[in-house]
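Colleague: Residue numbers (full-length UniProt numbering): 1 to 216.
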């Protein structure tokens with residue numbers, strides 16, 4: 001609350017506040033996302049041109065087993081020329097697909113696992129200065145294997161992915177030591193540690209509203 005006689009502070013909640021777009025166009029149409037250019041009217045701030053990636057959004061999954069170990073994958077990421085330790089993740093590139101359904105598909109395809117318990121752990125924008133990509137991180141528990149005859153045939157970067165179970169404490173320590181850099185790993189692992197410390201009270205239902213998702 002603000003002090004007596006002072007204006008109320010702005011709530012600590014990100015708010016939708018679109019500015020008028022006076023012109024827009026696609027600079028480059030990509031396979032997964034486009035590079036767009038918008039002329040934006042900022043009112044008193046004048047007009048600016050902003051280029052950004054128009055992204056469908058994505059999901060990631062912090063997978064936690066009965067021993068409170070998390071499952072991380074080592075995957076090559078060409079833009080940074082590194083193999084990164086990451087949680088299972090994937091694009092929301094099917095129009096209208098439920099985010100939890102997409103997350104369950106990625107979990108099965110990348111790890112041969114299913115989960116009976118799903119919660120929303122945290123939502124974030126990956127790079128809001130240059131992309132509209134919104135990402136939802138789920139917490140998946142109560143795990144079981146996908147039957148052999150239903151397993152996904154991996155390809156491309158997925159072919160040689162290493163899977164490793166790591167204690168949540170060790171995973172968080174790797175993040176804080178600057179050894180793990182994937183944003184979903186950094187955000188998801190720290191969120192999981194904070195939520196567990198609070199008795200998981202911060203978890204939201206798997207179908208919690210997600211207005212930040214493009215078209216959501």
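Note that the Cβ used here is the ideal one computed from N, Cα and C, for glycine as well.
Please read these numbers as outputs of a predicted model, since none were measured by experiment.
Nearest-angstrom Cα distance between residue 87 and residue 74?
Modeller: Working through the chain shown from its first residue, we reach residue 87 at position 87. Working through the chain shown from its first residue, we reach residue 74 at position 74. Taking the straight line joining both Cα atoms gives about 9 Å.
Colleague: Would the segment 134-143 and the segment 112-121 be scored as touching if the rule is three or more Cβ pairs under 8 Å?
Modeller: yes
Colleague: When the Cα atoms are used, what is the spatial distance from residue 189 to residue 56?
Modeller: Here residue 189 is taken as the residue at index 189 of the chain shown, counted from 1. Here residue 56 is taken as the residue at index 56 of the chain shown, counted from 1. Computed Cα separation, rounded: 23 Å.
Colleague: Taking contact to mean 3 or more Cβ pairs, one atom from each stretch, closer than 8 Å, check whether the segment 92-101 and the segment 122-132 are in contact.
Modeller: no
Colleague: Would you mind giving the Cβ-Cβ distance between residue 26 and residue 40, rounded to the nearest angstrom? I have them listed as a contact below 8 Å.
Modeller: As a working note, residue 26 is residue 26 in the chain shown. As a working note, residue 40 is residue 40 in the chain shown. Not a contact, Cβ separation roughly 16 Å.
Colleague: Rounded to whole angstroms, how far is the Cβ of residue 168 from the Cβ of residue 66, which I believe are closer than 8 Å?
Modeller: Reading the chain shown from its first residue, position 168 is the one you call residue 168. Reading the chain shown from its first residue, position 66 is the one you call residue 66. In fact, because the Cβ distance is near 13 Å, the residues do not count as touching under 8 Å.
Colleague: So, helix, strand or coil for residue 10, using DSSP?
Modeller: As a first step, residue 10 is located in the chain shown; it is residue number 10 there, counting from the start. Correct three-state label for residue 10: coil.
Colleague: Please check the pair residue 135 and residue 58, which I expect to be a contact at CB under 8 Å, by giving their CB distance rounded to whole angstroms.
Modeller: One-based indexing of the chain shown puts residue 135 at position 135. One-based indexing of the chain shown puts residue 58 at position 58. With 8 Å as the limit, residue 135 and residue 58 qualify as a contact, their Cβ atoms being about 5 Å apart.
Colleague: Could you spell out where the beta strand (DSSP E) holding residue 225 opens and where it closes?
Modeller: Because residue 225 is not part of the residues shown, which for the chain are 1 to 216, the question remains open.
Colleague: DSSP on residue 184, reduced to helix/strand/coil?
Modeller: For the purposes of this step, residue 184 is taken as the residue at position 184 of the chain shown. Helix.
Colleague: Cα-Cα, which of 60, 85, 175 and 120 is closest to residue 209?
Modeller: Start at 1 with the first residue of the chain shown, and residue 209 comes out as number 209. With distances taken between Cα atoms, residue 209 lies closest to 120.
Colleague: With 16 other CB atoms within 10 Å as the buried threshold, where does residue 110 fall?
Modeller: Residue 110 sits at position 110 when you count from the first residue of the chain shown. Label assigned to residue 110: buried.
Colleague: Give me the Cα-Cα distance between residue 197 and residue 138, rounded to the nearest whole angstrom.
Modeller: The residue given as residue 197 occupies position 197 in the chain shown. The residue given as residue 138 occupies position 138 in the chain shown. Residue 197 and residue 138: Cα-Cα distance of roughly 17 Å.
Colleague: In the DSSP assignment, find the alpha helix (DSSP H) that holds residue 108 and state where it starts and stops.
Modeller: The sequence position of residue 108 within the chain shown is 108, counting from 1. That run of the alpha helix (DSSP H) goes 99-111.
Colleague: Excluding the 5 residues flanking residue 2 on each side, which residues of the same chain have their C-beta closer than 8 Å to its C-beta?
Modeller: Numbered from its first residue, the chain shown carries residue 2 at position 2. Confidence is the limiting factor: at residue 2 the pLDDT is only 49, short of 50, which leaves the residue's position unreliable, though a coordinate-based value still follows. Answer for residue 2: 8 and 9, listed in chain order.
Colleague: Which residue's Cα is closest to the Cα of residue 162: 85, 172 and 199?
Modeller: Here residue 162 is taken as the residue at index 162 of the chain shown, counted from 1. Of the candidates 85, 172 and 199, the one whose C-alpha sits nearest the C-alpha of residue 162 is 85.
Colleague: Return the residue from the list 30, 204, 148 and 53 that minimises the CA-CA distance to residue 36.
Modeller: Start at 1 with the first residue of the chain shown, and residue 36 comes out as number 36. Comparing Cα-Cα distances from residue 36 to each of 30, 204, 148 and 53, the minimum goes to 53.
Colleague: On the criterion of 16 or more Cβ atoms from any shown chain inside 10 Å, does residue 15 qualify as buried, or is it exposed?
Modeller: The residue labelled residue 15 in the question sits at position 15 within the chain shown. Its Cβ having fewer than 16 others within 10 Å, residue 15 is exposed.
Colleague: Measure the CB-CB distance between residue 70 and residue 180 and report whether it falls below 7 Å.
Modeller: Residue 70 sits at position 70 when you count from the first residue of the chain shown. Residue 180 sits at position 180 when you count from the first residue of the chain shown. No.
Colleague: Which residues mark the beginning and the end of the alpha helix (DSSP H) in which residue 171 is found?
Modeller: Walking along the chain shown from the start, residue 171 turns up at place 171. Segment 168-176, the alpha helix (DSSP H) holding residue 171.
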